[in-house]
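A quick write-up on the structure given underneath.
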Amino acid sequence: MSLPQVHPEVTWAQRSSASDVERNYLYVNIKAADVPKSAASLDLKSNTVTFTGDSKKGVKYHVELELFGEIDPENSKVNHSDREVELVLRKKELKEEFWPRLLKTTQKIHFLKTDFDKWVDEDEQDDAPEEDYANNFGGFEGMGGDAGGLSNIDFSKLGGAGGLGDLAGGAGFGGAEEEEDDEEMPELEEEGQSKIQEVS
267 MSLPQVHPEV TWAQRSSASD VERNYLYVNI KAADVPKSAA SLDLKSNTVT
317 FTGDSKKGVK YHVELELFGE IDPENSKVNH SDREVELVLR KKELKEEFWP
367 RLLKTTQKIH FLKTDFDKWV DEDEQDDAPE EDYANNFGGF EGMGGDAGGL
417 SNIDFSKLGG AGGLGDLAGG AGFGGAEEEE DDEEMPELEE EGQSKIQEVS
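All you need for this note's numbering is the position in the sequence shown, starting with 1, plus 266.
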């Protein structure tokens, strides 16, 4: 009995450079959860990326991406984790301008989304931190690294303190209740408030 076939979600971002090959690449993440490396097949060609993998959850992921331009498969990097397959694809042509889209087709593809965690605007990419660039990514290896993990995550890009507060509130660490306590604090200080004002 063959497994039902589904398109995995694919997210992407990019960097470009007219002079530095290390800063001229695409980030492509194929969200194929619970696909062991032994049950996956990844084929990188100059114009296409093809992935097929059997998930432990009983589905077969399959996607073929016909790219807008050419990549250099030999200098591209792969990290296969339990949640996704992360690709750093070296663009073949050195060019300052971004690709206008990931794929050759101009049709909207329902499973393809922008990776806003990694995206920077074309005119702001020179301001991106040095560790942002793919050649500094620990855990990636040419065509099939197995390392990676939390060391690759830049937590500063996951949102400010507001985001952490939301997480804390959701996990039962206070959140809204602590805010109410803060509002009550001035009432506790009213008795000594006049003395403080006299001293100042």
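Each residue gets a CB set at the ideal place from its N, CA and C atoms; glycine is no exception. All values reported here derive from a predicted model rather than from experimental measurement.
query                                                                                                                           : result
Contacts around L360, its chain only, beta-carbon distance under 6 Å, and the 5 residues preceding and following it disregarded : A284 and N290
Spatial distance of V329 from D348 (CA atoms)                                                                                   : 18 Å
Between the CA atoms of K358 and R281 - distance to the nearest angstrom                                                        : 13 Å
Backbone CA spacing between V325 and P302 [nearest angstrom]                                                                    : 13 Å
Chain-order list of residues whose beta-carbon lies under 7 Å from that of D338 (same chain, five-residue window excluded)      : R356 and K358
Exposed unless 16 or more other CB atoms sit within 10 angstroms - verdict on T277                                              : buried
Boundaries (first-last residue) of the beta strand (DSSP E) holding L292                                                        : Y291 to K297
Residue range of the unbroken beta strand (DSSP E) whose run includes S307                                                      : A306 to L310
Reduced DSSP secondary structure (H/G/I, E/B, other) of V344                                                                    : strand
Sequence-distant residues of the same chain with beta carbon closer than 6 Å to L308, five excluded per side                    : F317
Chain C contact for S307 (CB, 8 Å cutoff)                                                                                       : Structure shown: chain C not included; a single protein chain is present.
6 Å CB neighbourhood of H273 in its chain, flanking five on each side removed                                                   : V329 and F377
Host beta strand (DSSP E) of L353 (start-end)                                                                                   : V351 to R356
Beta carbon of L333 nearer than 8 Å to that of K370                                                                             : yes
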